[in-house]
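*Asks:*
Number of protein chains: 2
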Amino acid sequence: MRKVFQEELARVGDELIEISKLVTEAIEKATTAFEGADIDLAEEVIAADAKIDFLQNSLDENAIDILALQGPVASDLRMVVGSLRMSASLERMGDLARHIAQLTRLRYPATVIPAPLRETFKSFAEHDLLIAQKLTVLLETRDLEVAREIMKANSAVNDLHLSVFKAIAHSDWQESAASTVDVALASRYFERFSDHGVSVAQKVTYLVTGAWQPSIIEHG
Amino acid sequence: MRKVFQEELARVGDELIEISKLVTEAIEKATTAFEGADIDLAEEVIAADAKIDFLQNSLDENAIDILALQGPVASDLRMVVGSLRMSASLERMGDLARHIAQLTRLRYPATVIPAPLRETFKSFAEHDLLIAQKLTVLLETRDLEVAREIMKANSAVNDLHLSVFKAIAHSDWQESAASTVDVALASRYFERFSDHGVSVAQKVTYLVTGAWQPSIIEHG
Numbered sequence: 001m002r003k004v005f006q007e008e009l010a011r012v013g014d015e016l017i018e019i020s021k022l023v024t025e026a027i028e029k030a031t032t033a034f035e036g037a038d039i040d041l042a043e044e045v046i047a048a049d050a051k052i053d054f055l056q057n058s059l060d061e062n063a064i065d066i067l068a069l070q071g072p073v074a075s076d077l078r079m080v081v082g083s084l085r086m087s088a089s090l091e092r093m094g095d096l097a098r099h100i101a102q103l104t105r106l107r108y109p110a111t112v113i114p115a116p117l118r119e120t121f122k123s124f125a126e127h128d129l130l131i132a133q134k135l136t137v138l139l140e141t142r143d144l145e146v147a148r149e150i151m152k153a154n155s156a157v158n159d160l161h162l163s164v165f166k167a168i169a170h171s172d173w174q175e176s177a178a179s180t181v182d183v184a185l186a187s188r189y190f191e192r193f194s195d196h197g198v199s200v201a202q203k204v205t206y207l208v209t210g211a212w213q214p215s216i217i218e219h220g
Numbered sequence: 001m002r003k004v005f006q007e008e009l010a011r012v013g014d015e016l017i018e019i020s021k022l023v024t025e026a027i028e029k030a031t032t033a034f035e036g037a038d039i040d041l042a043e044e045v046i047a048a049d050a051k052i053d054f055l056q057n058s059l060d061e062n063a064i065d066i067l068a069l070q071g072p073v074a075s076d077l078r079m080v081v082g083s084l085r086m087s088a089s090l091e092r093m094g095d096l097a098r099h100i101a102q103l104t105r106l107r108y109p110a111t112v113i114p115a116p117l118r119e120t121f122k123s124f125a126e127h128d129l130l131i132a133q134k135l136t137v138l139l140e141t142r143d144l145e146v147a148r149e150i151m152k153a154n155s156a157v158n159d160l161h162l163s164v165f166k167a168i169a170h171s172d173w174q175e176s177a178a179s180t181v182d183v184a185l186a187s188r189y190f191e192r193f194s195d196h197g198v199s200v201a202q203k204v205t206y207l208v209t210g211a212w213q214p215s216i217i218e219h220g
């Protein structure tokens, strides 16, 4: 009985890792499509999001079965409930990658981001991808040093988000209203992606240490 | 034992209703502050959000205690897990009301929304408030007719959101880039608020009927 239980817990952990890998692939392809106005790649991301949603549902059903059949307590219970929350955050990250792909499709064949901000969004993409990659490592290793690297990358993303809004408010901003909105929404998608990554990292930290780290909690 | 369990389940239900009422108060005050550039009311909403966060944590702890100590199964288990998810959606609705208040504070003493869109945002506010009010009724009564009214209001909110983006893209749009961004973000906050309301309504529907209603599921 105990062995079956541990196997089931491990399976939920594996499913989280699998979803995290799909999210990494989604953000990598979405940002590549976004930068290069690649409509085929954007469509691929949009279509693939259903798989993330499906896996999240499957993980949640498995977690609820464990709760019903095994009645876990203490740290095992925290792990199962934590998995439900982490799967919700990862699913939302998949949605945000899809939103980036949808913006790409909406403006095709033009690129979404005007020339003066392209480097900023390249940096956004690099940091979001890094966060997704490191989340997979964190879920695999539970190494809290990786969680700290995610927090650091998130702080850089917040700075980028701020810099976009400063650029828009600056007197030399010349873009159309539609393009201005695209830039603002895209910036928010990149920033929210990172926020959800931090939520997952905090949850892992909590499960490993048994305590919230007040220094790393940020309210979104 | 059984009686204690039912009391604990009822307490989680009561906490959901309490949070829903606070969210209703938050969106009512936030939108009033937003329309009238009322900085004091905006500050009140921003300060009060901590109470929603606190209650969400409290509810989640209670739900986890029930899972640990009572080992609920079947519909009781679904109810406890559903409560964890509904509390997360409600907490997020509180965040979005706070975002609306923060926009109000950022642009004070000016109002955020330019004259031509003020009626649109008034309608946004009315629908979001209606959704929050009806959520409380739905949590209290489990009357699925109320869930359908929430879906209908959400559909109106989606139309408003679309109309804002059409207005911005129109050739006679004359606002500054900063104001354009404010309008776009505010529109997204109102729309996301409504989306989360739908998530809660769907969850209640699921708990009452035991099945997802494909016709009312919308992907965000």
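Sequence order for the protein chains is A and B. Mapping of the first sequence onto the UniProt record's numbering: residues 1 to 220, in sequence order. Mapping of the second sequence onto the UniProt record's numbering: residues 1 to 220, in sequence order. In this text, a Cβ means the ideal position worked out from N, Cα and C, and glycines have one as well.
Would you kindly work out how many angstroms separate the C-alpha atoms of A/Ala63 and B/Pro72, rounded to a whole number?
*Replies:* The count along the first sequence starts at 1 and reaches residue 63 of chain A at position 63. The count along the second sequence starts at 1 and reaches residue 72 of chain B at position 72. The straight-line gap from Cα to Cα measures roughly 14 Å.
*Asks:* Note down, in chain order, all residues in the stretch 99-122 of chain A with a beta-carbon under 9 Å from any beta-carbon belonging to chain B.
*Replies:* The residues in question: there are none.
*Asks:* For A/Ala186, decide whether its Cβ has a neighbour in chain B, counting only Cβ atoms nearer than 7 Å.
*Replies:* As a position in the first sequence, residue 186 of chain A is number 186, starting the count at 1. No, A/Ala186 lies away from the interface with chain B (no Cβ there is under 7 Å from its Cβ).
*Asks:* CB B/Met86 to CB B/Lys203, shorter than 7 Å?
*Replies:* Indexing the second sequence from 1 puts residue 86 of chain B at position 86. Indexing the second sequence from 1 puts residue 203 of chain B at position 203. Contact: yes.
*Asks:* Please report the residue range of the alpha helix (DSSP H) in which A/Asp65 lies.
*Replies:* Numbered from its first residue, the first sequence carries residue 65 of chain A at position 65. Its alpha helix (DSSP H) spans residues 39-70.
*Asks:* Alpha carbons only, please: which of A/Arg2, A/Asp159, A/Glu8, A/Ala147 is nearest the one belonging to A/Ala201?
*Replies:* Start at 1 with the first residue of the first sequence, and residue 201 of chain A comes out as number 201. Of A/Arg2, A/Asp159, A/Glu8, A/Ala147, the residue nearest in Cα terms is A/Ala147.
*Asks:* Thinking C-beta only, is B/Ala30 closer than 7 Å to B/Ala110?
*Replies:* Residue mapping note: residue 110 of chain B aligns to position 110 of the second sequence, counting from 1. Residue mapping note: residue 30 of chain B aligns to position 30 of the second sequence, counting from 1. It is not a contact, given that the beta carbons lie outside the stated cut-off.
*Asks:* Taking Cβ-Cβ distances shorter than 7 Å, what residues in chain B pair up with A/Gly71?
*Replies:* Position 71 of the first sequence, counted from the first residue, corresponds to residue 71 of chain A. Within chain B, the residues near A/Gly71 are Gly71.
*Asks:* Against A/Leu84, what residues of chain B qualify as contacts under a CB-to-CB distance less than 9 Å, listed in chain order?
*Replies:* Counting from one through the first sequence, the residue named residue 84 of chain A turns up at place 84. Within chain B, the residues near A/Leu84 are Val81, Leu84, Arg85.
*Asks:* Just curious, the alpha helix (DSSP H) that A/Gly36 is in, first and last residue?
*Replies:* Start at 1 with the first residue of the first sequence, and residue 36 of chain A comes out as number 36. Unbroken alpha helix (DSSP H) run through A/Gly36: 2-36.
*Asks:* Compare the C-beta of A/Leu16 with all C-beta atoms of chain B and state if any pair is closer than 7 Å.
*Replies:* Locating residue 16 of chain A in the first sequence gives position 16, where the first residue counts as 1. Output row for A/Leu16: interface = no.
*Asks:* Measuring CA to CA, which of B/Asp172, B/Thr104, B/Leu130 is closest to B/Ala186?
*Replies:* Within the second sequence, numbered from 1, the residue matching residue 186 of chain B stands at position 186. The residue with the shortest Cα to Cα distance from B/Ala186 is B/Thr104.
*Asks:* Since I believe A/Leu160 is in contact with A/Thr120 (beta carbons under 8 Å), could you give me their beta-carbon distance rounded to a whole number of angstroms?
*Replies:* Here the question's residue 120 of chain A lines up with position 120 in the first sequence. Here the question's residue 160 of chain A lines up with position 160 in the first sequence. A/Thr120 to A/Leu160, Cβ: 6 Å. Contact.
*Asks:* With contact counted as at least three CB pairs below 8 Å, one residue from each stretch, are the stretch 187-195 of chain A and the stretch 122-133 of chain A in contact?
*Replies:* Yes, the stretch 187-195 of chain A is in contact with the stretch 122-133 of chain A.
*Asks:* Can you tell me which of the three DSSP states A/Gln202 falls into?
*Replies:* By 1-based counting over the first sequence, the position of residue 202 of chain A is 202. Three-state result, A/Gln202: helix.
*Asks:* Within 10 angstroms of the Cβ of B/Gln174, are there 16 or more other Cβ atoms? Answer buried if so, exposed if not.
*Replies:* Here residue 174 of chain B corresponds to residue number 174 of the second sequence, with the count starting at 1. So B/Gln174 ends up on the exposed side.
*Asks:* If the cut is a Cβ gap below 7 Å, which residues of chain B does A/Thr180 touch?
*Replies:* One-based indexing of the first sequence puts residue 180 of chain A at position 180. Ala177, Thr180, Val181, listed in chain order.
*Asks:* Note down, in chain order, every chain A residue with its Cβ under 9 Å from the Cβ of residue 230 of chain B.
*Replies:* Because chain B is modelled from 1 through 220, residue 230 of chain B falls outside the range shown and cannot be assessed.
*Asks:* In chain order, what residues of the same chain have a beta carbon less than 7 Å from the beta carbon of A/Gly220, not counting five sequence neighbours either side?
*Replies:* By one-based count along the first sequence, residue 220 of chain A stands at place 220. Caution is warranted here: a pLDDT of 35 is assigned to A/Gly220, below 50, making its placement in the model unreliable, and the coordinate value is therefore given only provisionally. These residues qualify, in order along the chain: Asp195.
*Asks:* Excluding the 5 residues preceding and the 5 following B/Arg142 in the sequence, name in chain order all residues of the same chain whose CB lies nearer than 7 Å to its CB.
*Replies:* On the second sequence, residue 142 of chain B is found 142 positions in, with the first residue counted as 1. Excluding sequence neighbours, B/Arg142 sits near Val204, Val208.
*Asks:* Smallest Cα separation from A/Val81: which of A/Met93, A/Arg92, A/Ala68?
*Replies:* As a first step, residue 81 of chain A must be located in the first sequence, where it is residue number 81. Among A/Met93, A/Arg92, A/Ala68, the Cα nearest to that of A/Val81 belongs to A/Ala68.
*Asks:* Let me see if you follow: with CB-CB separation under 7 Å, is A/Ala68 close to chain B or not?
*Replies:* Counting from one through the first sequence, the residue named residue 68 of chain A turns up at place 68. For A/Ala68, the answer is yes, since a Cβ of chain B falls inside 7 Å of its Cβ.
*Asks:* Taking 7 Å as the limit between beta carbons, can you name the residues of its chain near A/Arg107, skipping five residues before and five after?
*Replies:* Working through the first sequence from its first residue, we reach residue 107 of chain A at position 107. Around A/Arg107: Asp182.
*Asks:* Please state if the CB of A/Leu41 and the CB of A/Ala33 are separated by a distance shorter than 7 Å.
*Replies:* The residue you call residue 33 of chain A lines up with position 33 of the first sequence. The residue you call residue 41 of chain A lines up with position 41 of the first sequence. Against a cut-off of 7 Å, the Cβ pair of A/Leu41 and A/Ala33 comes out as a contact.
*Asks:* When the cut-off is 7 Å and only beta carbons count, does A/Glu218 lie next to chain B?
*Replies:* Working through the first sequence from its first residue, we reach residue 218 of chain A at position 218. Residue placement at A/Glu218 cannot be trusted, given a pLDDT of 39 that sits under 50; the coordinates are not used to answer.
*Asks:* Could you name the residues of the stretch 161-175 of chain B whose beta carbon sits closer than 8 Å to any beta carbon of chain A, in the order they occur along the chain?
*Replies:* Hits within the stretch, in order: Phe165, Ile168, Ala169, Trp173, Glu175.
*Asks:* Closest Cβ-Cβ distance between A/Trp212 and chain B: below 7 Å?
*Replies:* In the first sequence, counting from the first residue as 1, residue 212 of chain A sits at position 212. Caution applies to A/Trp212, whose pLDDT of 49 falls short of 50 and renders its modelled position unreliable; the value that the coordinates give is listed next. Closer than 7 Å: no.
*Asks:* Going by beta carbon distance, what residues of the same chain come within less than 7 Å of B/Val198, once the five residues before and after it are set aside?
*Replies:* Here residue 198 of chain B refers to the residue found at position 198 of the second sequence. Closer than 7 Å at Cβ, skipping near neighbours: Ile150, Met151, Asn154, Glu218.
*Asks:* Report buried or exposed for B/Phe190, applying the criterion of at least 16 other Cβ atoms within 10 angstroms of its Cβ.
*Replies:* Start at 1 with the first residue of the second sequence, and residue 190 of chain B comes out as number 190. B/Phe190 should be labelled buried.
*Asks:* Helix, strand or coil for A/Gly210, going by three-state DSSP, please let me know.
*Replies:* The residue you call residue 210 of chain A lines up with position 210 of the first sequence. A/Gly210: coil per DSSP, three-state reduction.
*Asks:* To which residues of the same chain is A/Asp53 closer than 8 Å at the C-beta, ignoring the five residues directly before and after it?
*Replies:* Along the first sequence, one-based indexing puts residue 53 of chain A at 53. Counting only Cβ-Cβ distances below 8 Å, and skipping sequence neighbours, we find Glu91, Gly94.
*Asks:* Starting from B/Val157, trace the alpha helix (DSSP H) both ways and give me its first and last residue.
*Replies:* Counting from 1 along the second sequence, the entry for residue 157 of chain B is found at position 157. First-last of the alpha helix (DSSP H) with B/Val157: 144-169.
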